[in-house]
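Peer 1: So the protein lines, in turn, are chains A and B. Its first residue numbered 1, the first sequence is counted upward by one per residue in this note's numbering. Its first residue numbered 332, the second sequence is counted upward by one per residue in this note's numbering. All C-beta atoms, glycine included, are put in the ideal place defined by N, C-alpha and C. Everything numeric in this text was worked out from a predicted model, so none of it was measured. One structure coming up, written as structure tokens, with questions to follow.
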Amino acid sequence: MSEPSQSGPSRPEEDPGIGQERDDVQRALDQFRREVRARLLERRAPEAGSGLDWEDLFESARRRLSTIGMVERSAEVDEFGMDDVVIAKWNRLFDALADRWWRIDVEGLDPGSPPLPSLFVANASGLLPWDGIMLAHKIARARPDAPRPRFLVADWLVTQPFAQPTLAGIGGVRACRENAERLLRSGRSVVSFPEGLKGSAKVFRERYRLRRFGRGGAVRIALALGVPLVPVAVIGAEETHPVLFKVGSLARLVGLPFLPVTPTFPWLGPLGLVPLPSRWRMRFGAPLDFGPHGPEAADDEILVDRLTVELRSSIQRMIDEAVRTRDSVFA
Amino acid sequence: MVSEGGVSAPTSIAITGLGSFFGRRLAQRLLELPRPPKIVGIDLRRPWRLEGRIGFHRVDLGDPAAGGKLAEVLVRERVERVVHAAFRRDPTPDVEADHELETVGSIHVMNACAAAKVDHLVWLSSTMLYGARPDNPNFLGEEHPLRGHADAHCVRNRVEAEELLARFRVKHRDLHVSALRFAWVMGPEFEDRVVRHFASPVVTTLLGYDPLVQFVHEEDALDVLERCVLEDHPGTYNVVGPGVLPLSTLLALGGKRALPLPTPLLYRLEHWLSQSRYGDLPAGFYDYLRWLFVADGARGWDRFGEPVYSSREAWISFVSSRRMRRYR
């Protein structure tokens, strides 16, 4: 602008005359701006009057296009790919699933009771990692002050197309020792399913029978890092996808370890993957503290095996008791 | 000038692959020092705009007698440190020549260093050597085995060379070796196959896959390289920018369109094109857009300090510089 906005550098000993002059200039400038704005609006008015404002429409469409895909995700994710925007979006679905679909009863999860971070070890059940998602969700809801726990996902699922980006966004991490240790070291709890694929791919008649707990990885990590290990029994998730039998040969064509046949799955197409609304119970056992053994005990294979067997049988006891005392699968 | 480890700065530095991005830019940086060391460039072609300021020797590392020739040069020029940057920027369809240069050429460099009693060898490497595998942990430490990629011959060659380097290190313990594993380099100037792939406004991706991607900015990479050349930092370091971003977020940030193609289709579509251009099957490149190969940079950050650019900032620097170039 050609007109100076100030009459000069301000001096401390200025007299009222100069102040008056400056006010005049300011007023003239304001007047000038108003005129310019009015004239600009005048020029745009006829266009806006003639029905549609194409320019505006085009501009807004362009803006919408350039930000497409950015509204659903944040520009930063954490180092394991978890995205807070995605979590916030999915939380409503998770709440609905937890409270209305599966009506989950949680026992033993108090504001202070399992110290966080800890390693949660649960029985694997159901085809899809709904149990992991729900466990992480329930722990996050009960302890909003702590970082959101992550659930470990078996290899076969985390490498499937479409599953991988979705799971990573909501806090799923590929199950391996390096990942679990890194998460726990940085203060984030981990929900793990040591049975792995053997556990989630059980057929229906074998439900609630725990399989072998891998090679003792969970216990080894808890020993090495000195984090508490919390046994968890999840009851009800076995009935979300009751697998009648498994087909192997066809599955290899599409790169899956097996193709499950449930009362709904291949028959109803993708709709058959909707989990059944069984009633769930989550029982958190007392945290096991392996601290007295010391971190070097992680290399003691016999001790690791013994602790793993004990852990497995304690979870099996919790499951058996809960299954015995429940009245019905769906009520 | 005395560096961190109490070792005085080298007075004579040889750079193999002077014409490569890292070779050229490192030479320029060293010449800008207050007391520049003597620089001995080794390459096939005389470097542009560096004549007279550096010594140049034409040695073909693909030549079977290159080891002796190189050793002779190193002894004559009294070289104290060698920077090995003579690696292919892009794989070429001539698979055998690439092998001669990258694997056998590296053996010549190692042998020449040992014969000429060089103090220090700085070795340029890449996190791509870990290989993009579905069973990778989210963060790969420097000790993670280098599994490479079966379909990427340049990665394979360099993995082989680095295995030989590991043996060389055990044999010549007094010769310090710094190996720098760079993540994908991004920045205004650097260019290779990865950069070209990301430079186009429509970027081919794999349908249903959205791996976390990691970059390092070219200036950060050069900073670490320069410090390794001037100071004493033996060991292997991942040189990566902090932070990771999903591929889809990167493209959205850069205002690029993703063209997601089903994996089997893309691998068939690109089959001949990719083989004639790079000598590899498409999987040799696209698997790196499919699976994770994020390296853990903590050791390097402890040693050299946190990089100026995070992965995200490196990407933005690259995208915005390309955009400027279009309007120039």
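When you compare each of A:His293, A:Glu238, A:Arg283, A:Lys198 to A:Ala222 by their alpha carbons, which one comes out closest?
Peer 2: Here residue 222 of chain A refers to the residue found at position 222 when the first sequence is read from its first residue. When only C-alpha atoms are compared, the closest one is A:His293.
Peer 1: Is B:Val575 close to chain A? Criterion is C-beta to C-beta, closer than 7 angstroms.
Peer 2: Taking the second sequence and counting its residues from 1, the one referred to as residue 575 of chain B is at position 244. So, interface residue.
Peer 1: So, does the CB of B:Asn469 fall closer than 7 angstroms to a CB anywhere in chain A?
Peer 2: In the second sequence, the residue the question calls residue 469 of chain B occupies position 138. At least one chain A Cβ lies under 7 angstroms of B:Asn469.
Peer 1: Output yes or no for whether 7 angstroms exceeds the beta carbon distance between A:Gly171 and A:Arg185.
Peer 2: If you number the first sequence from 1, residue 171 of chain A lands on position 171. If you number the first sequence from 1, residue 185 of chain A lands on position 185. Result no, Cβ atoms of A:Gly171 and A:Arg185 do not sit closer than 7 angstroms.
Peer 1: Is it buried or exposed for B:Phe353, if we count other Cβ within 10 angstroms and need 16 for buried?
Peer 2: Against the second sequence, residue 353 of chain B aligns to sequence position 22. Buried is the call here.
Peer 1: Kindly give me the distance between the Cβ atoms of A:Val227 and A:Leu119, rounded to whole angstroms, as I take these residues to be in contact under 8 angstroms.
Peer 2: Here residue 227 of chain A is taken as the residue at index 227 of the first sequence, counted from 1. Here residue 119 of chain A is taken as the residue at index 119 of the first sequence, counted from 1. Contact flag correct, Cβ pair sits at about 6 angstroms.
Peer 1: Would you mind giving the Cβ-Cβ distance between B:Val404 and B:Val371, rounded to the nearest angstrom? I have them listed as a contact below 8 angstroms.
Peer 2: Taking the first residue of the second sequence as position 1, residue 404 of chain B is located at position 73. Taking the first residue of the second sequence as position 1, residue 371 of chain B is located at position 40. Indeed, because the Cβ distance is near 7 angstroms, the residues count as touching under 8 angstroms.
Peer 1: Per the DSSP calculation, B:Tyr568 is bridged to which residue(s)?
Peer 2: Within the second sequence, numbered from 1, the residue matching residue 568 of chain B stands at position 237. B:Tyr568 is bridged to B:Leu511.
Peer 1: Measuring CA to CA, which of A:Pro129, A:Asp83, A:Trp280 is closest to A:Glu107?
Peer 2: Translated into the one-based positions of the first sequence, residue 107 of chain A becomes position 107. For A:Glu107, the nearest C-alpha among the options comes from A:Trp280.
Peer 1: Along chain B, which residues have their Cβ under 8 angstroms away from the Cβ of A:Glu59?
Peer 2: For this step, residue 59 of chain A is matched to residue 59 along the first sequence. Near A:Glu59 there are no residues of chain B at all, since even the closest Cβ is about 16 angstroms away, more than 8 angstroms.
Peer 1: Span of the alpha helix (DSSP H) holding B:Pro468?
Peer 2: Here residue 468 of chain B is taken as the residue at index 137 of the second sequence, counted from 1. Per DSSP, B:Pro468 belongs to no alpha helix (DSSP H) and is neither H nor E.
Peer 1: Could you check which residue in B:Thr423, B:Leu392, B:Ala481 has the C-alpha nearest to that of B:Leu604?
Peer 2: Residue mapping note: residue 604 of chain B aligns to position 273 of the second sequence, counting from 1. The residue with the shortest Cα to Cα distance from B:Leu604 is B:Thr423.
Peer 1: Return the CA-CA distance between A:Leu127 and A:Phe330, expressed in angstroms with no decimal places.
Peer 2: To locate residue 127 of chain A, count along the first sequence from 1; it is residue 127. To locate residue 330 of chain A, count along the first sequence from 1; it is residue 330. C-alpha separation (whole angstroms): 18 angstroms.
Peer 1: How is the alpha helix (DSSP H) around B:Arg630 delimited, first residue to last?
Peer 2: Counted from its first residue, the second sequence places residue 630 of chain B at position 299. Its alpha helix (DSSP H) spans residues 629-635.
Peer 1: Does B:Ser648 have its Cβ less than 7 angstroms from a Cβ in chain A?
Peer 2: Against the second sequence, residue 648 of chain B aligns to sequence position 317. No, its Cβ sits nowhere closer than 7 angstroms to a Cβ of chain A.
Peer 1: For B:Val560, which option in B:Leu455, B:Asp425, B:Gly436 has the closest C-alpha, if you only look at C-alpha atoms?
Peer 2: Here the question's residue 560 of chain B lines up with position 229 in the second sequence. Checking every option, the nearest Cα to that of B:Val560 belongs to B:Leu455.
Peer 1: Do you know whose CA, among B:Arg654, B:Ser642, B:Ser652, lies nearest A:Glu76's CA?
Peer 2: By 1-based counting over the first sequence, the position of residue 76 of chain A is 76. If we check each option's Cα against that of A:Glu76, B:Ser642 comes out closest.
Peer 1: Does A:Pro292 come within less than 7 angstroms of chain B when only Cβ atoms are used?
Peer 2: Residue mapping note: residue 292 of chain A aligns to position 292 of the first sequence, counting from 1. It does not: the Cβ of A:Pro292 has no partner Cβ on chain B nearer than 7 angstroms.
Peer 1: Within 7 angstroms (strictly less), CB to CB, does A:Pro375 reach chain B?
Peer 2: It is not possible to answer for residue 375 of chain A, since the shown part of chain A is limited to 1 through 331.
Peer 1: May I ask you to report which of helix, strand or coil DSSP gives B:His451?
Peer 2: Along the second sequence, read from residue 1 onward, the residue named residue 451 of chain B stands at position 120. Three-state result, B:His451: strand.
Peer 1: Reducing DSSP to helix, strand and coil, say where B:Met441 ends up.
Peer 2: For this step, residue 441 of chain B is matched to residue 110 along the second sequence. Helix.
Peer 1: Closest to B:Ile344 by CA distance: which of B:Pro468, B:Pro368, B:Leu537 is it?
Peer 2: Taking the first residue of the second sequence as position 1, residue 344 of chain B is located at position 13. Among B:Pro468, B:Pro368, B:Leu537, the Cα nearest to that of B:Ile344 is on B:Pro368.
Peer 1: So, A:Ala180 versus A:Val191, is the Cβ gap smaller than 7 angstroms?
Peer 2: As a position in the first sequence, residue 180 of chain A is number 180, starting the count at 1. As a position in the first sequence, residue 191 of chain A is number 191, starting the count at 1. In terms of Cβ geometry, A:Ala180 and A:Val191 do not form a close pair [threshold 7 angstroms].
Peer 1: Between the alpha carbons of A:Leu197 and A:Ala154, how many angstroms are there, rounded?
Peer 2: If you number the first sequence from 1, residue 197 of chain A lands on position 197. If you number the first sequence from 1, residue 154 of chain A lands on position 154. So the alpha carbons of these two residues sit roughly 7 angstroms apart.
Peer 1: Quick check: what's the CA-CA separation for B:Val534 versus B:Leu581?
Peer 2: Numbered from its first residue, the second sequence carries residue 534 of chain B at position 203. Numbered from its first residue, the second sequence carries residue 581 of chain B at position 250. When rounded, the distance between both Cα atoms is 11 angstroms.
Peer 1: Mind checking who B:His296 pairs with in its DSSP beta bridge?
Peer 2: Any property of residue 296 of chain B remains undetermined from this structure, which presents chain B solely from 332 to 659.
Peer 1: Determine the direct distance from the alpha carbon of A:Phe204 to that of A:Trp267, and round the result to whole angstroms.
Peer 2: For the purposes of this step, residue 267 of chain A is taken as residue 267 along the first sequence, with counting starting at 1. For the purposes of this step, residue 204 of chain A is taken as residue 204 along the first sequence, with counting starting at 1. Taking the straight line joining both Cα atoms gives about 18 angstroms.
Peer 1: Can you name the residues of chain A whose CB is closer than 9 angstroms to the CB of B:Gly631?
Peer 2: Taking the second sequence and counting its residues from 1, one reaches residue 631 of chain B at position 300. Result: empty, since nearest Cβ-Cβ is about 16 angstroms, beyond 9 angstroms.
Peer 1: So, for B:Asp391: in the same chain, excluding its five sequence neighbours on each side, which residues have a beta-carbon less than 7 angstroms away from its beta-carbon?
Peer 2: Working through the second sequence from its first residue, we reach residue 391 of chain B at position 60. For B:Asp391, where only same-chain residues beyond five positions count, the Cβ hits under 7 angstroms are Leu375, Ala397.
Peer 1: For B:Ala589, which beta-bridge partners are listed by DSSP?
Peer 2: For the purposes of this step, residue 589 of chain B is taken as the residue at position 258 of the second sequence. Answer is B:Val534, bridged to B:Ala589.
Peer 1: Does the beta carbon of A:Glu181 come closer than 7 angstroms to any beta carbon on chain B?
Peer 2: Locating residue 181 of chain A in the first sequence gives position 181, counting from the first residue. Not one chain B Cβ lies under 7 angstroms of A:Glu181.
Peer 1: Compare the Cα-Cα distances from B:Gly631 to each of B:Glu473, B:Val490, B:Ile438, B:Lys448 and report the closest residue.
Peer 2: The sequence position of residue 631 of chain B within the second sequence is 300, counting from 1. That would be B:Glu473, whose Cα lies nearest to the Cα of B:Gly631.
Peer 1: Would DSSP call B:Gly348 helix, strand or coil?
Peer 2: Counting from one through the second sequence, the residue named residue 348 of chain B turns up at place 17. In this structure, B:Gly348 counts as coil in the three-state DSSP scheme.
Peer 1: Closer than 9 angstroms between beta carbons: that is the criterion. Which residues of the stretch 450-481 of chain B meet it against chain A?
Peer 2: Pro465, Asp466, Asn467, Pro468, Asn469, Phe470, Leu471, Gly472, His475
Peer 1: Quick check on this structure: which residue in A:Arg283, A:Val304, A:Gln20 has the alpha carbon closest to the alpha carbon of A:Ile337?
Peer 2: The structure shown does not extend to residue 337 of chain A, since chain A spans only 1 to 331, so no value can be given for it.
Peer 1: Would you say B:Phe649 and B:Met517 are within 7 angstroms of each other, going by their C-beta atoms?
Peer 2: As a first step, residue 649 of chain B is located in the second sequence; it is residue number 318 there, counting from the start. As a first step, residue 517 of chain B is located in the second sequence; it is residue number 186 there, counting from the start. Yes, the pair counts as a contact, with Cβ atoms nearer than the cut-off.
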